[in-house]
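Before any comments, here is the structure.
Residue numbers (the working numbering): 1047 to 1235.
See the structure below:
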């Protein structure tokens, strides 16, 4: 294997309701609840043995429709520029995406999942069980925590008693969604 480049082949494709990036929820408070299917190549189906014992999965995939990259850019969630490695921008030196999805069920070589944020037909590089070994109180959300507070304030919600960007929220999952015992909940108006 050449250490300067790597050849990877997709293990399958994503079937998603999204055909255009404008359809994918973005920004502070965006939730990813859309259901989709991870269609794994039939020749790799045996590799899915025991996957249905996990509630959530990491999906590594390719931003196959992104062109070029920018090392610094201003994300839609903030007015300040940030380095590409501090964002989820699709315009990356290596156009690899990472999404955590909830496994709904397995149907042979198809995994029905919830939480897709990829376009229909997106190539899948790998799937791994989601296991968090980082205690929630040790997680930090960086610049995104401040951007989320600003967005909440502009919508008239008082978040002044919320933790600062240097504190973790044990009631939030990795996407910032409120949870109770690991189950996403919505704020009731």
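C-beta: ideal position from N, C-alpha, C; glycine also.
So, with DSSP's three-state summary, where would you put residue i?
{"i": "residue 1194", "result": "helix"}
{"i": "residue 1066", "result": "coil"}
{"i": "residue 1211", "result": "Here residue 1211 scores only 37 on pLDDT, less than 50, and its place in the model is too uncertain to base an answer on."}
{"i": "residue 1129", "result": "strand"}
{"i": "residue 1088", "result": "helix"}
{"i": "residue 1098", "result": "helix"}
{"i": "residue 1167", "result": "coil"}
{"i": "residue 1175", "result": "strand"}
{"i": "residue 1188", "result": "helix"}
{"i": "residue 1093", "result": "helix"}
Can you tell me whether residue i is buried or exposed? The criterion is at least 16 other CB atoms within 10 Å of its CB, across all chains shown.
{"i": "residue 1139", "result": "exposed"}
{"i": "residue 1071", "result": "exposed"}
{"i": "residue 1194", "result": "buried"}
{"i": "residue 1054", "result": "exposed"}
{"i": "residue 1064", "result": "buried"}
{"i": "residue 1126", "result": "exposed"}
{"i": "residue 1058", "result": "buried"}
{"i": "residue 1161", "result": "buried"}
I need the boundaries of the beta strand (DSSP E) containing residue i, first residue and last residue.
{"i": "residue 1079", "result": "Element bounds for residue 1079: n/a, residue is neither H nor E."}
{"i": "residue 1180", "result": "Taken as a continuous stretch (DSSP letters only), residue 1180 belongs to no beta strand (DSSP E), as it is neither H nor E."}
{"i": "residue 1134", "result": "First-last for residue 1134: undefined, no H or E at that position."}
{"i": "residue 1061", "result": "1058-1061"}
Bridge partners for residue i per DSSP, in chain order?
{"i": "residue 1153", "result": "1156"}
{"i": "residue 1114", "result": "DSSP lists no partner for residue 1114."}
{"i": "residue 1083", "result": "1061 and 1158"}
{"i": "residue 1143", "result": "1107"}
{"i": "residue 1148", "result": "1102 and 1160"}
Any heavy atom of the ligand HEM closer than 7 Å to the CB of residue i?
{"i": "residue 1104", "result": "Ligands are entirely absent from the displayed structure, and the ligand HEM is therefore not among its contents."}
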